[in-house]
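For the sequence shown, full-length UniProt numbering assigns the number 1 to the initial residue and increments by one for each residue that follows. Ideal Cβ positions, reconstructed from N, Cα and C, are used throughout, including at glycine. These notes concern the structure reproduced below.
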Amino acid sequence: MQILPSILLAFALTANAHTHLSNIWVNGTRQDPGHCIRPYGVSTRNSPVQDLSSDDLRCRTTSMDPSDTDTCGVVAGTNVTAEWHKSDGTGTVISSSHKGPCLVYMSKMDSEGVGNVWFKIYEDGYDPDTDTWCTDKLIKNGGKLDVTIPVDIEPGNYLMRTELIALHNAGSGASSTGSQTGAQLYPNCAQLYVSGEGSADPTGVAIPGVYKPTDPGLDINIYKDFKSYTIPGPDVYEPGSD
Ligand SMILES: *[C@@H]1O[C@H](CO)[C@@H](O)[C@H](O)[C@H]1NC(C)=O
Ligand SMILES: *[C@@H]1O[C@H](CO)[C@@H](O)[C@H](O)[C@H]1NC(C)=O
């Protein structure tokens with residue numbers, strides 16, 4: 001037990017800049033850095049979450065107060081593009097060593113992300129045919145990822161939680177004690193008003209809660225041979241299945 005704080009300290013000290021959701025694109029227009037995104041601390045915005053029981057796993061934000069950021073309107077069934085960078089909307093996306101999946105969830109905003117409220121709308125993990133992770137594609141694409149807002153969800157205010165999971169230290173084992181994981185999780189939340197004709201209210205899961213250090217998608221050594229990769233969390237919500 002004594003070794004844990006020193007491991008965490010070592011991680012903190014060696015942690016160079018990682019990444020955060022810097023911009024979203026709505027209706028094909030790039031929003032300014034941080035616009036319609038729950039705020040992050042300037043010095044902490046690139047720091048990963050590694051405690052799977054931490055409330056930071058929701059949105060990695062300094063404020064869950066909806067009035068602390070704008071809300072961007074988006075029509076159900078259209079795409080929102082998430083864009084990640086280390087700096088303010090420019091330059092490096094994420095270190096190329098930080099390989100792993102991309103995941104996107106939504107929840108009704110009035111829940112503030114608490115309870116079984118998060119449904120997954122997108123995931124991309126690993127393609128064994130091309131040995132390509134989602135983060136590899138993201139880097140190639142300038143940090144941008146297109147996500148479709150489910151066409152049938154009921155109109156209203158939502159959080160859209162984007163997440164990258166970096167697995168470069170995931171199989172280290174030593175840190176996979178308690179609720180700590182060797183994986184590095186990078187969640188952030190955009191704040192959206194979804195309009196449309198839908199009425200679906202998809203079943204959700206709790207964040208934190210849904211991930212465990214022993215999940216095969218988090219407890220994995222990506223430097224050893226593996227045949228497939230299991231993305232953590234629930235299945236992606238399919239419109240029409242509510
Ligand atoms: C996107 O288009 C919809 C429909 O025209 C509009 O209601 C919404 O405000 C637009 N969003 C932004 C961020 O411009
Ligand atoms: C919307 O995003 C999906 C991937 O989530 C992509 O397949 C599709 O081409 C995108 N559509 C547009 C119009 O960009």
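Within 10 angstroms of the Cβ of residue i, are there 16 or more other Cβ atoms? Answer buried if so, exposed if not.
i    : result
A152 : In the sequence under discussion, the amino acid at residue 152 is Asp, which differs from the Ala named in the question. So D152 counts as buried.
A12  : Low confidence applies here, because A12 scores a pLDDT of 43, under 50, leaving its location unreliable and the question unanswered by this model.
E163 : buried
S6   : Low confidence applies here, because S6 scores a pLDDT of 44, under 50, leaving its location unreliable; read the following figure in that light. Looking at its Cβ environment, which holds fewer than 16 other Cβ atoms inside 10 Å, S6 is exposed.
E83  : buried
T135 : buried
K140 : exposed
Y211 : buried
P128 : exposed
If you draw a straight line from the alpha carbon of residue i to that of residue j, how long is it in whole angstroms?
i    : j    : result
I37  : N23  : 8 Å
S43  : T69  : 19 Å
D88  : P33  : 6 Å
T29  : G178 : 43 Å
D124 : K144 : 13 Å
D235 : K120 : 7 Å
H98  : T71  : 30 Å
E238 : P150 : 8 Å
With H, G and I counted as helix, E and B as strand and the rest as coil, what does DSSP make of residue i?
i           : result
T135        : helix
C102        : strand
residue 270 : Outside the displayed range of the chain (1 to 242) lies residue 270, so it cannot be described from this structure.
A206        : coil
D235        : coil
S111        : helix
K140        : helix
S179        : coil
S22         : strand
S172        : helix
F226        : coil
D242        : coil
L218        : coil
residue 248 : Lying before the first or after the last residue shown, residue 248 is absent from the chain, which here runs from 1 to 242.
Y186        : strand
G125        : coil
Count the C-beta pairs between the region 176 to 194 and the region 58 to 70 that are closer than 8 Å, then say yes if the count reaches three, no if not. yes
Whole runs of the alpha helix (DSSP H) within the region 53 to 99, excluding any shorter than 4 residues: 56 to 59
Taking 8 Å as the threshold, find out whether the region 214 to 221 comes into contact with the region 194 to 202 through three or more Cβ pairs. no
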